[in-house]
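Counting from 1 along the sequence shown, just add 38 to a position and that's the residue number in the working numbering. The next block holds one structure in the form of structure tokens; read it before the comments.
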Amino acid sequence: MIIVGLTGGIGSGKTTVAKQFEELGIPVYIADVEAKNLMHKSKIIKRKLIQLFGDKAYVDNKLNKRFIADVIFNDKGYLQKMNEIVHPRVAKHFEKWVLKQDAPYVIKEVAILFENGGHKACDYVITVTAPKDLRIKRLLNRDNTTKDKIQAIMKNQWTDEEKIKYSDYVIDNIDLEVTKNQVINIHKDLLKII
């Protein structure tokens, strides 16, 4: 099975691009969604996160995202420790998911694909880009957040330039119709390669 990594900075439009691949019949694994599911379902992850963050990590048996985000915002060491707990389990979950797929290739959408070394397990990588000001605008409209929090997240991610160096394809996600055409062209190219 060919694994195509899909990444891009926060607000670049990875989810939009992922949906466009799904519309072409390609299975898509959204790592952030699966990580959140595992943080709710996995007793092991839950226990380790409570050990890391304390009893406030979960409220009414649900992940206390706001509390954890505030802790991480004030101490980046917690982010790395949390990733060390969650990422290996997401990787195993992905491996099982791939075995169930019947398609020429699959898309694995990961926000920090390069930052966590996940690109090494991909056959090809697509990076989604968009101007920083547009990304911030999208996030302010989409999420209940602040510009400071967005910029703090951006600082923890590789720049577009760094990601592009290691990418096989780049999608500039500014105009939806243009983006869709780029997705179709990449899809056709991948089918030729496979």
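Think of the CB as a built atom: it goes at the ideal place given N, C-alpha and C, for glycine as much as any other residue.
Give a single yes or no on whether L151 has its beta carbon closer than 8 Å to a heavy atom of the ligand ZN.
Although the ligand ZN was asked about, the structure shown includes no ligands whatsoever.
DSSP has V66 in a bridge; who is on the other side?
V66 is bridged by DSSP to I145.
Beta-carbon spacing of A159, G47 below 9 Å:
By the CB criterion at 9 Å, A159 and G47 fall outside the cutoff.
The region 44 to 63 touching the region 147 to 164, judged by at least three CB pairs closer than 8 Å:
Yes, since at least three Cβ pairs between the region 44 to 63 and the region 147 to 164 fall closer than 8 Å, the two stretches touch.
Determine which residues share a DSSP beta bridge with Y96 and list them.
According to DSSP, Y96 bridges with L101.
Return the residue from the list Q58, V148, R173, L90 that minimises the CA-CA distance to V216.
Taking only the C-alpha atoms, the option nearest V216 is Q58.
Separation of H225 from A107, as counted between CA atoms
When rounded, the separation of the alpha-carbon atoms in A107 and H225 is 36 Å.
Give me the Cβ distance between Y67 and V144, rounded to the nearest whole Å; I'm assuming they're in contact under 8 Å.
The pair is a contact, with the Cβ atoms about 7 Å apart (cut-off 8 Å).
DSSP state of Y204 mapped onto helix, strand, coil:
Here DSSP, grouped into helix, strand and coil, assigns Y204 to coil.
Distance, Cα to Cα, E72 vs E153?
If you take the alpha carbons of E72 and E153, they lie about 18 Å apart.
L151 lies in the beta strand (DSSP E); which residues open and close that run?
L151 -> no beta strand (DSSP E), and no H or E assigned at all.
Measure the Cβ-Cβ separation of K127 and L76 and say whether it is below 9 Å.
Just to set this straight, residue 127 is Arg in the shown sequence, not Lys. It is a contact, given that the beta carbons lie within the stated cut-off.
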